[in-house]
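Numbering (the numbering used here), first residue to last: 52 to 1187.
Written out below as structure tokens is the structure these notes cover.
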């Protein structure tokens, strides 16, 4: 071994003569102690530590003068041992190669070549040890080194580059006989790897690094010229401007599918400071927090005066949003007020009102071992602070918290949607009730992770606090777009970074007021880049190391400040801290897999560690400030201080360990936390998913989706069901098809409820479900699938296809003697017949639906078929009876449908009843009533995000406006509604909507344009066979022909006669009367009064009710006019 070369590789060549004079060879070197080094003249503590670390590396690899050059150390310099099992790391890998070693071996004697290799390896190992890297393997003329394992530093990429340059220089300094010199080349790459896994057996057993990064480093060194280093693009990003670099352009490397963009290291960079080098010149100027605190206090004062305020606080992760809220609360500590805190979670984005549930449980003081009765008592006590009507509110919030109330309160007799609505109102009322006693500070943190229902709550709260002494503070990351900025009482506030002075002051607080050495303080402030969380975590890291010595009132350096001793990113800072926390590190990893918040009991069951080890780890985590604790173990609950802390711990877990921990967590919840399992099936599903256990994961995603549908939380349902469907491919074939079927059926329901009946995605879901039903012979699931297919085709105006499905539905339901399915089959058959203009058949089917429906047994059908079949049948029957000439019965059925829908409190059923009601009012030409129904539906659809209900409601409101004389506004809405309807995939009612628009155009004078729309509508009738409104379209066309600048009474008469004949053929008595009334007016104008009387009088005489409706009043007025005139003229008989 060449001791001199080894020393030069360490950068300690000044000690060559002392080592030579004291006869230190390779064998003696292995035995040197710190005292020996002092005797050799190594007085610098830093130099002694470097030498001892390098000697430890040599001992670990047994690299003596007689050791083969392929030996590899297994321990990094300065580290006692490798991590006990594989984990994920971001690693910088360096590969060093001796140039022209093959030619050199051919020229040299084998012994000489062995000595050269030993000297080369020693020089490279010294350079690596100097920058605290880890020699992973010697491969003859190659050396593989890791930076970032087994112990992480904050600047591994920079360390690798500096080590590479040092290795190149050290090898170059090695001399050969005849004046020859050696040269090395270096490749460096950074990326994610799995490191620490043991492979091989016996003496060949070694730890490996798995990933592309080592291969990339090896390939990059082939691009390097002798005596140079080449780095990857990712390494280049991490070192910023610390080094001068030359881009080599895109390079195609063996084993990599796309070109890479490497860089050659030219030398040290020219930036004036590390801060400038790492962050560049475009950094946003740092600002303080006094201004932000002042603004919040101003809004607080306004809120206390009864002007409710909302502040939207946004900023990047770690910028200090939570810290600012804590500072505000500290300022208000001595002021009378009530503080309410809500925390959103990335693992509960589909759990309705998760942050609210957490707040209520904390505010009520629930303990883990509280029985249900005690929890209910605590909840009632909490509610008593905000309302005198505890009995009215307690059952709602108890249901939200999954508390049984049967012994104290009657059951909640309302639909899930109404229950959700009442719950949201109660939660807002609680805030406002508290505000009547003293001002309220309501905090909602990390709303970018909020579930949709919590966002609905915020919508309501933001709207209602305007006149209350309440300040609402909402924090979120920049990617979230808040929907509340249009309110006058809402203020947006974006946090920027801290100044250096403020960063230094924060460090002083964290160090307990003890001053740090200026060099240490300067590096902390520079490295943290003004992000408060970075300042906090980096300072704690420094204080926990042996870098500093406590001198009582200040800290002093325990030795020379190592280069780059302070982490540069939060992730690396946390990883460095976790590496030093010993048993707490594993506890943090397990807790991170559970979630940001976790209980002692669940952690214990998941970790499966001895209780003493678990408690010691938790104590260390709490002591380090990474985790907060509430309560006393083992009843304590914990939470990570920041979501980023949890993320960093979780990121170190390899997939196998992650899966194991998630699977344990899910099993523990199932076996020991049944209340959580029932209330949050999506949480169990999440853990089973991450645990790789597909069967139970899909089961719980299905349960979660079905539960969300039952609670009208459709956005959550869609997310949960899609999560399940993403997994089913991993199930065995037989299980896969059945589970996928259940998920597709539920997904179809949720999609139709939110996107519309003709949603292409809903169509695909139902088509796939139908295919699966046929494959496995499923019957129970077939009924909602057939319904979904019928409504999909029907609403798209594919009436032949819809009829085929309806016929099959009815036939199969009757064959199986399945009453529920038969009810729905008659309902869809009746509605389809109505669309096709088969009015008598429609009535039979719809009345059969009503005869079979039992409200007690069949109310739940709404959750499987999107709408309640009774309400749907009543709604369609109202149209049917109206057309058949029974206006009063029709009106009664329409109102009965609305009443039934309100009783059910099922969101989609109510919207459906309103849709049919506003269309019904239009059919009977009741403008004010149609407008009222349409506006109610518009309000509901806007609130719930239902485009498929909003569009037709807009059309009917537009028609009603034109009827009341607001032609311009009404026409605009008519023109807006139809494209919006088509955008949902719907085409049914298009002839009707075109006809209404044409009629309004005729009133505005655009008769020819109106006639064009009628012609288009009639073309659609022929294309689709949707004949329900056909007679009316012919009548409208005849009326418009008479409004032309040059009227065509002959064509108009023919068209009106055709309208009457069409209506008669359909049995649509009211449509026939309407057409006959229009024709009678024309004949009266042509002095053909007798013919008009003979046409109209028999038709009018067929009616037995509804004499005060618009149509019968119009016909009666014409008949009275004819009678009063006593004119008796004959004319051609009315021809069919």
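Beta carbons are placed, not taken as given, at the ideal position from N, Cα and C, and that holds for glycine.
If you're wondering where the values come from, they're calculated on a predicted model, not measured in any experiment.
Once you ignore the five residues that flank residue 560 on each side, which residues in its own chain have a CB closer than 7 Å to its CB?
none
Considering residue 650, what are the terminal residues of the beta strand (DSSP E) in which it resides?
648–650
Where does residue 301 land, buried or exposed, given buried means 16+ other C-beta within 10 angstroms?
exposed
Please tell me whether residue 733 and residue 504 are closer than 8 Å, where the distance is taken between their beta carbons.
no
Is DSSP giving residue 808 helix, strand or coil here?
Residue state, collapsed to three classes: coil.
As assigned by DSSP and simplified to three states, the class of residue 914:
helix
Short Cβ contact (8 Å threshold) for residue 279 with residue 212:
no
Taking Cβ positions, are residue 791 and residue 776 nearer each other than 8 Å?
Contact flag set, yes.
For the alpha helix (DSSP H) that contains residue 989, what are its first and last residues?
Element bounds for residue 989: 978–995.
Which same chain residues end up closer than 8 Å to residue 780 when comparing Cβ atoms and leaving out the 5 residues on each side of it in sequence?
787
Status (buried if at least 16 other CB within 10 Å, exposed otherwise) for residue 70:
buried
Is there a C-beta anywhere in chain C that falls below 8 Å from the one on residue 1123?
Looking for chain C here will not work: only one protein chain is present.
Which residues does DSSP pair with residue 188 in a beta bridge?
195
Could you check whether residue 897 and residue 881 sit closer than 8 Å to each other, using their CB atoms as the reference points?
yes
With a floor of 3 residues, list each beta strand (DSSP E) that falls wholly inside the region 260–286, ordered by position along the chain.
280–282
Tell me the start and end of each unbroken alpha helix (DSSP H) in the region 790–865 that is at least 4 residues and wholly inside, in chain order.
811–827, 833–846
Find the nearest neighbour of residue 144 within the set 61, 800, 1097, 243, judged by alpha-carbon distance.
The residue from 61, 800, 1097, 243 with its alpha-carbon nearest to that of residue 144 is 243.
Residue 574 burial status per 10 Å Cβ neighbour count (16 or more: buried):
buried
Out of curiosity, what's the CA-to-CA distance linking residue 123 and residue 319?
Note on residue 123: pLDDT 34, under 50, position unreliable in the model; no value is reported.
Between the Cα of residue 453 and those of 426, 914, 940, spot the shortest distance and give me the residue it belongs to.
Ranking the options by Cα distance to residue 453, first place goes to 426.
Compare the C-alpha of residue 749 against each of 554, 771, 231, 482 and name the closest.
Taking the Cα of residue 749 as reference, the smallest distance to any Cα among 554, 771, 231, 482 is reached at 771.
Using the DSSP secondary-structure output, state which residues sit across from residue 407 in a beta bridge.
Partner(s): none; residue 407 has no beta bridge.
At which residues does the alpha helix (DSSP H) containing residue 1247 begin and terminate?
In the structure as shown, the chain starts at 52 and stops at 1187, and residue 1247 therefore has no counterpart that could be examined.
Inter-residue spacing [alpha-carbon to alpha-carbon] between residue 102 and residue 177
Residue 102 and residue 177: Cα-Cα distance of roughly 9 Å.
How is residue 318 classed by DSSP in three states: helix, strand or coil?
strand
Between residue 928 and residue 944, is the Cβ-Cβ spacing less than 8 Å?
yes
Grab the span of the alpha helix (DSSP H) containing residue 1075 for me, first residue to last.
1058–1075
Which partner residues of residue 517 appear in the DSSP bridge assignment?
Paired residues: none, contrary to the question.
Would you tell me roughly how many angstroms separate the C-alpha atoms of residue 542 and residue 358, rounded to the nearest one?
13 Å
Roughly how many angstroms separate the alpha carbons of residue 501 and residue 528, rounded to a whole number?
12 Å
Simplified DSSP state of residue 121, which is helix, strand or coil:
Annotation note: pLDDT 31 at residue 121 (below 50); position unreliable, no value reported.
Residue 600, enclosing beta strand (DSSP E) - first and last residue
599–601
Can you say whether residue 332 is buried or exposed, counting buried as having 16 or more other CB atoms within 10 angstroms of its CB?
Caution applies to residue 332, whose pLDDT of 47 falls short of 50 and renders its modelled position unreliable; the model cannot decide the point.
Is there contact here, the region 710–717 with the region 674–693, by at least three beta-carbon pairs under 8 Å?
no
Is the separation between the beta-carbon of residue 840 and that of residue 856 shorter than 8 Å?
yes
Taking C-beta to C-beta, are residue 238 and residue 146 nearer than 8 Å?
yes
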